[in-house]
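Chemist:
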Amino acid sequence: MTQVFQQWGLSVELPLIELLAPLGLSFYIFHSVSYVVSVCKKEIPKAPFLDVVLYLCFFPSIVAGPINRAKEFLPQIQAPTRKIIDYKGALMLIVLAIMKLFWLSGWFSTNYVDPVFNAPDLAQSGQVLTAIYAYAWHIYFNFSGYTNLVTGIALLLGFVVPRNFNAPYLAINLADFWRRWHISLSTFIRDYVYIPLGGNRKGAIRQNFNAFAAMVISGLWHGAAMTFIIWGAIHGVGVVLLNIKHRLFPARKNAAPNFLSSLNMLLSWIITFHFVCFAWIFFRSQTVSDAIVLIQQLFSTGAWASLQAQGLTLTMFWGLFLLYPCFVTLRDVIIRLERRIPWYVYPIPLALILTVIFMLSPDGVPGFIYASF
């Protein structure tokens with residue numbers, strides 16, 4: 000309508016009403032494919048219409064996942080009774096989600112990510128590296144926080160949704176990373192794209208082609224922009240190189256751990272994290288040109304002086320990365336301890352934690368990054 004008015008010489012800006020998520024780029028399509036394939040394979044019988052509608056439109060996960068498989072979720076819908084599942088664990092997940100979304104994700108984005116990625120020409124080397132590290136944590140806290148929120152709400156409604164994250168920045172290679180990051184998407188692409196293409200059953204060349212194609216399709220799902228396609232291609236190249244490395248240098252089975260193997264594990268962990276961070280440059284950048292500018296700025300003249308100027312901040316990010324395994328262990332300990340807290344005492348620590356979170360959180364309401372895919 001705006002274009003029609005412009006043809007008559009009138010400048011009218013009509014509001015854009017976004018009521019429906021695009022079918023091809025939303026989680027509707029994943030759930031639809033899962034249901035159709037499961038019925039065709041006779042993994043589940045045809046479900047009543049209203050059950051299918053509820054499965055496709057389950058509101059907690061319709062915005063940004065996780066992807067619910069029909070054969071696992073429809074039986075929950077059709078259960079004769081429903082009850083709250085682990086209400087203490089559900090409330091803890093919701094509080095954890097608020098901490099990740101409102102405090103951690105928002106803080107990284109406001110202070111480090113947006114100023115650099117919104118004006119790449121003005122950034123110096125140290126600022127670019129800081130922004131790259133910050134975005135790695137920003138997207139992790141944002142997406143995993145949303146998943147925690149969805150999981151908690153689903154438990155309170157009597158549903159169990161699949162786990163979507165498992166400490167992804169502990170990965171020691173790209174295959175390990177995709178077993179830990181957006182698990183419901185990576186397993187979906189494995190089962191419905193990679194394996195139907197032939198998987199690893201038709202030789203090394205075909206295996207690598209299938210792996211690369213699966214990663215590019217993963218990038219294309221995030222959006223038709225070239226930045227997402229390049230992001231997927233980077234991961235595809237990384238997976239292919241990993242497959243070649245495994246063929247040329249197969250791991251020794253039942254080898255006793257020693258200093259060299261521990262050092263190799265440490266280096267693999269660091270290299271994998273930085274490979275993922277490099278790919279995030281294209282994922283976050285608005286255009287390929289912006290991504291190239293950021294990479295050029297990272298290695299520009301005076302880079303060493305700029306890195307020294309950002310030394311304290313970069314040390315903080317390295318500390319966060321190196322202490323990440325400790326945080327994962329601490330999380331597991333807290334999960335075990337919180338189950339011992341009596342229900343009548345439970346609201347007190349949650350209220351204290353929420354108070355601290357909102358005091359430390361930046362202004363504004365954070366958005367869900369994956370809601371736009």
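For the sequence shown, numbering that gives the first Met the number 0 begins at 0 and goes up steadily by one.
Using N, Cα and C, we set each Cβ at its ideal position, and we do this for glycine too.
As the structure is a computational prediction, the values presented were derived from the model and not from experiment.
Could you tell me which uninterrupted alpha helix (DSSP H) segments, each at least 4 residues in length, are contained entirely in the region 252 to 298, listed from first to last along the chain?
Modeler: You should have 258 to 283, 287 to 297.
Chemist: Jot down the residue ranges of each uninterrupted beta strand (DSSP E) in the region 199 to 254, minimum 3 residues, whole runs only, in chain order.
Modeler: Entirely contained in the region 199 to 254, not one beta strand (DSSP E) run reaches 3 residues.
Chemist: Taking the straight line between their C-alpha atoms, what separation do you get for Y343 and S37?
Modeler: Their Cα atoms are separated by approximately 43 Å.
Chemist: Report yes if the C-beta distance between L128 and L306 is below 9 Å; otherwise report no.
Modeler: Result yes, Cβ atoms of L128 and L306 sit closer than 9 Å.
Chemist: Cutting at 8 Å between CB atoms, please list the residues of its own chain near L241, excluding the five before and the five after it.
Modeler: Result list for L241: N172, L173, A174, in chain order.
Chemist: Among V275, D190, P167, A308, which residue has its Cα nearest to the Cα of R179?
Modeler: Answer by Cα proximity: P167.
Chemist: In angstroms with no decimal places, state the Cα-to-Cα distance between G23 and P348.
Modeler: Any reading at G23 is ruled out, since the residue's pLDDT is 40, under 50, leaving its predicted position unreliable.
Chemist: Could you check whether the region 90 to 107 touches the region 59 to 73, counting it as contact only if at least three pairs of C-beta atoms, one from each stretch, sit closer than 8 Å?
Modeler: As far as the Cβ criterion goes, the region 90 to 107 does not touch the region 59 to 73, which means the pair count is below three.
Chemist: How many angstroms separate the CA atom of G235 from the CA atom of W177?
Modeler: For G235 and W177, the distance between alpha carbons rounds to 11 Å.
Chemist: So, at 7 Å on beta carbons, what are the nonlocal neighbours of S31 in its own chain, with the 5 sequence-adjacent residues on each side left out?
Modeler: Only L55 meet the Cβ criterion.
Chemist: Quick one: residues in its chain with C-beta nearer than 7 Å to the C-beta of V327, no 5 flanking neighbours on either side, listed in chain order?
Modeler: Only A166, L169 meet the Cβ criterion.
Chemist: Going along the chain, which residues of its own chain have a beta-carbon closer than 7 Å to the beta-carbon of N163, five neighbours each way excluded?
Modeler: Taken in chain order, the residues that qualify are G64, P65, T146, H181, I182, S183.
Chemist: Between the region 138 to 155 and the region 85 to 94, are three or more C-beta pairs nearer than 8 Å?
Modeler: Yes, they touch.
Chemist: Pick out whichever of V159, L103, M214 has its Cα sitting closest to the Cα of T408.
Modeler: Since the first and last residues shown for the chain are 0 and 372, residue 408 lies out of range.
Chemist: When burial is assigned at 16 or more other CB atoms within 10 Å of the CB, is L321 buried or exposed?
Modeler: Answer is exposed; the Cβ neighbour count stays below 16.
Chemist: In whole angstroms, what separates the C-alpha of R237 from that of F357?
Modeler: Per the sequence shown, the amino acid found at residue 237 is Gly instead of Arg. Rounded to whole angstroms, G237 to F357 spans 40 Å at the Cα level.
Chemist: Grouping DSSP H, G and I as helix and E and B as strand, with all else coil, what is L196?
Modeler: Looking at L196 - three-state DSSP - the assignment turns out to be coil, as it is neither helix nor strand.
Chemist: What would DSSP say about V355, mapped onto helix, strand or coil?
Modeler: Here V355 sits in helix by DSSP.
Chemist: Does the distance from the C-beta atom of Q123 to that of S261 stay below 9 Å?
Modeler: Their beta carbons are not under 9 Å apart, which means Q123 does not touch S261 by this criterion.
Chemist: With N418 as the anchor, note down where its alpha helix (DSSP H) starts and where it stops.
Modeler: What the structure shows of the chain is the stretch from 0 to 372, and residue 418 is not part of that stretch, so it cannot be assessed.
Chemist: Is the distance from the Cβ of V160 to the Cβ of V149 below 9 Å?
Modeler: Cβ atoms of V160 and V149: closer than 9 Å.
Chemist: Do F281 and I216 count as a contact pair if the criterion is CB distance below 9 Å?
Modeler: Against a cut-off of 9 Å, the Cβ pair of F281 and I216 comes out as no contact.
Chemist: Between N110 and A133, is the Cβ-Cβ spacing less than 9 Å?
Modeler: For N110 and A133, yes; Cβs fall inside 9 Å.
Chemist: How about Q206 and G197: are their beta carbons less than 9 Å apart?
Modeler: Their beta carbons are under 9 Å apart, which means Q206 touches G197 by this criterion.
Chemist: Give the DSSP-derived three-state secondary structure of C39 in the structure shown.
Modeler: Three-state result, C39: helix.
Chemist: Rounded to a whole number of angstroms, what is the C-alpha to C-alpha distance between I138 and W268?
Modeler: Approximately 19 Å between the Cα atoms of the pair.
Chemist: Compute the Euclidean distance between the alpha carbons of F26 and R330, then round it to the nearest angstrom.
Modeler: The straight-line gap from Cα to Cα measures roughly 29 Å.
Chemist: Under the assumption that Q126 contacts Q295 (Cβ atoms under 8 Å), give the Cβ distance between them as a whole number of angstroms.
Modeler: Incorrect: roughly 13 Å between the Cβ atoms, too far for contact.
Chemist: So, are the CB atoms of P119 and L313 less than 9 Å apart?
Modeler: Cβ distance not < 9 Å, so P119 and L313 don't count as in contact.
Chemist: Give a yes or no on whether the C-beta atoms belonging to F58 and S104 are separated by under 9 Å.
Modeler: No.
Chemist: One question on the structure: do I233 and A203 come within less than 9 Å of each other, judged by their Cβ atoms?
Modeler: Contact: no.
Chemist: Between the Cα of V275 and the Cα atoms of Y323, I131, Y191, which residue gives the shortest distance?
Modeler: Comparing Cα-Cα distances from V275 to each of Y323, I131, Y191, the minimum goes to I131.
Chemist: Closest by CA to E42, which one among A302, Y34, F48?
Modeler: Closest by alpha carbon: Y34.
Chemist: Do A46 and Q75 have their beta-carbon atoms positioned less than 9 Å apart in this structure?
Modeler: Going by C-beta atoms, Q75 is not nearer than 9 Å to A46.
Chemist: Do T354 and Q285 have their CB atoms nearer than 9 Å?
Modeler: No, the pair does not count as a contact, with Cβ atoms beyond the cut-off.
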